[in-house]
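Notes for the one structure printed next.
In the working numbering, the protein residues as written are 6 to 430.
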């Protein structure tokens, strides 16, 4: 078989080849012209990040940046259009740095910026940057704890007539303020501020704005409250004002005296109180204290309570103290001694052994009706020693004794008593 000789020149007599070849050459020529004769263009590359180079001074003087630490600048460049186009050039193609060689103490510094190409042989020119300097604050870190001061801001009177506003209640009494030492040292007070723009007739809770202030009302900079976890609530207690008769409550009362209560008098007998309006609707008297029967002996018993410590209600008149006289004059009292057989140890866990050191409890005072008291013997009196809520460790401990008169509901034990017990494991 005879092989034909190939000739490159023959290709140019092929119309399809000539068309394809012409197209390729046109593209090549266009690229060469576009590159070589592309017009110069100017473009601004936005948001180029600034890298702050920390010198050894920063670590030596225990300094750090406070406030703005992430800076960005715009870089203006010029070059051939294809080279500076957004498809070819971005913020990643630049290195912008700020040097801290001259930072040697706390304060605000103007750091000069240096900008350069990431690839030095890139065919474009940097004309300028949007900022020649950045302002950076350096200081050492400090944190301190401050007591919160509640502050209510309002445009007018928020408490209508017939109501009483008590002192604000904070969900947290203190906060930790951290930041630059120079600024933290300026703090003299920290306020938990709320703004109330409506009239209040009921207790309401607000989210507080925490505001540290300097001695003359200046506002320190770059501070953080509780490391940013700030959720402090301020409750504004609002009470309805009412004049009510004064009374007391009793606890640990023998059954007989629940139906036949001891006589008592209060001085003053009537006072003006601030009470939650929903509670006031069903309140006929104001209970100022609870008296434990173990504190009542035969005869006259006088108790007192300061107005400011009374719970659940608020005294809003000028009464500073209440006195209560409980009359147990018709009753008598007698002292007894308990023997070991009547001292009962209860709720001892299996891991421990309790041995009673106190073999008796002396001078236990029983108060009650004279007829009942005369019939009592030490065998009627018992002491429960309950270990249920006591942390037990090896050694001797003193534990309260709950003493009672068995099978008699018209007498009680006056005073507090305890026993010594040895604990072993």
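Virtual Cβ for every residue (Gly too), placed ideally from N, Cα, C.
Computed from a predicted model, the values in this text were never measured in an experiment.
Query                                                                                                                        : Result
Residue 315 versus residue 418 - alpha carbon distance                                                                       : 26 Å
Identified DSSP bridge partners for residue 104                                                                              : 58
Runs of beta strand (DSSP E) lying entirely within the region 269 to 316, each at least 3 residues, in chain order           : 275 to 280, 291 to 297 and 304 to 311
Supposed close pair residue 338, residue 364 - CB separation, criterion 8 Å                                                  : 24 Å between Cβ atoms; not a contact.
Own chain partners of residue 406 with C-beta closer than 8 Å, once the 5 adjacent residues on each side are dropped         : 348, 366, 388, 389, 390, 422, 423 and 424
Beta-bridge partners of residue 144, as assigned by DSSP                                                                     : 69
Three-state secondary structure (DSSP) of residue 330                                                                        : strand
Check whether residue 231 and residue 180 have beta carbons under 8 Å apart                                                  : yes
Contact under 8 Å by Cβ, residue 219 with residue 192                                                                        : yes
Start-end ranges of the alpha helix (DSSP H) lying completely within the region 174 to 245, minimum 4 residues               : 186 to 189
Residue 336 to residue 371 span [Cα, whole Å]                                                                                : 10 Å
Through-space distance from residue 228 to residue 106, alpha-carbon basis                                                   : 26 Å
Any C-beta of chain E under 8 Å from that of residue 250                                                                     : Annotation note: the requested chain E is absent from the structure, which comprises a single protein chain.
Closest Cα partner of residue 111 within the set 176, 85, 68 and 301                                                         : 68
Pairwise C-alpha distance: residue 330 and residue 369                                                                       : 24 Å
Contact the region 239 to 254 vs the region 269 to 288: 3+ CB pairs below 8 Å                                                : yes
Residue 406: first and last residue of the uninterrupted beta strand (DSSP E) it sits in                                     : 400 to 410
Unbroken alpha helix (DSSP H) run spanning residue 89, endpoints                                                             : 86 to 89
Where residue 383 falls: helix, strand or coil (DSSP)                                                                        : helix
Spatial distance of residue 214 from residue 196 (CA atoms)                                                                  : 8 Å
Exposed unless 16 or more other CB atoms sit within 10 angstroms - verdict on residue 185                                    : buried
Neighbourhood of residue 362 by C-beta distance below 8 Å, restricted to the same chain and skipping five residues each side : 401, 424, 425, 426 and 427
Minimum C-alpha distance to residue 257 - residue among 295, 238, 159 and 171                                                : 295
Between the CA atoms of residue 226 and residue 204 - distance to the nearest angstrom                                       : 35 Å
Neighbourhood of residue 321 by C-beta distance below 7 Å, restricted to the same chain and skipping five residues each side : 169, 246, 277, 278 and 279
Cβ shell of residue 332 (< 7 Å), same chain only, five flanking positions each side left out                                 : 267, 268, 269 and 305
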